[in-house]
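Working notes, structure below.
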Amino acid sequence: MAEFEIKVDQELCSGCSSCVLACPINIEIEPHCADGIAPKTNDVVLRVINGVCRPLKIELCRDKTFKCGLCEEICANGALKIIEK
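First residue of the sequence shown: 0, per numbering that gives the first Met the number 0; consecutive thereafter.
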């Protein structure tokens, strides 16, 4: 899989948590995310901190054999982008 990074435009991010709760890796790590409950730790790919989405453990996403892209797709404001290196 190609190297990539997750960029969040803090001006566009509303902190709604849609990307955080849609992330299948976040759900795998903290299953309560599937019920709309925000992650309780920083051991996830994405988390809202101080009202803005923050990419935390992108390596968890990079280790997968597929490019998911749900976080980018679900962002209503277009604040989150997956950028291939």
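Note that beta-carbon positions come from the ideal geometry of N, C-alpha and C, so glycine has one too.
Out of Glu2, Lys56 and Phe3, state which residue places its alpha-carbon closest to the alpha-carbon of Val19. As a working mapping, residue 19 is identified with position 20 in the sequence shown. Selected option, being the one with the closest Cα: Lys56.
Which residue from Ala78, Pro54 and Ser17 puts its Cα closest to that of Ile36? Stepping through the sequence shown from its first residue, residue 36 is reached at position 37. Cα-wise, what sits closest to Ile36 is Ser17.
Between Ile5, Glu2 and Glu10, which has its C-alpha nearest Asn76's C-alpha? Within the sequence shown, residue 76 is the residue found at index 77, counting from 1. That would be Glu10, whose Cα lies nearest to the Cα of Asn76.
Does DSSP put Glu72 in a helix, in a strand, or in coil? In the sequence shown, the residue the question calls residue 72 occupies position 73. If DSSP states are grouped into helix, strand and coil, Glu72 belongs with the helices.
I'd like the span of the beta strand (DSSP E) that includes Cys52, first residue to last. What you label residue 52 is simply residue 53 of the sequence shown in a count that begins at 1. Val51 to Pro54 is the span of the beta strand (DSSP E), which, as asked, contains Cys52.
Relative to the C-alpha of Val7, which candidate in Glu29, Gly50, Thr40 and Asp42 has its C-alpha closest? Working through the sequence shown from its first residue, we reach residue 7 at position 8. The option with the nearest alpha carbon to Val7 is Gly50.
Reduced DSSP secondary structure (H/G/I, E/B, other) of Glu2: The residue labelled residue 2 in the question sits at position 3 within the sequence shown. Glu2 falls in the coil class under three-state DSSP.
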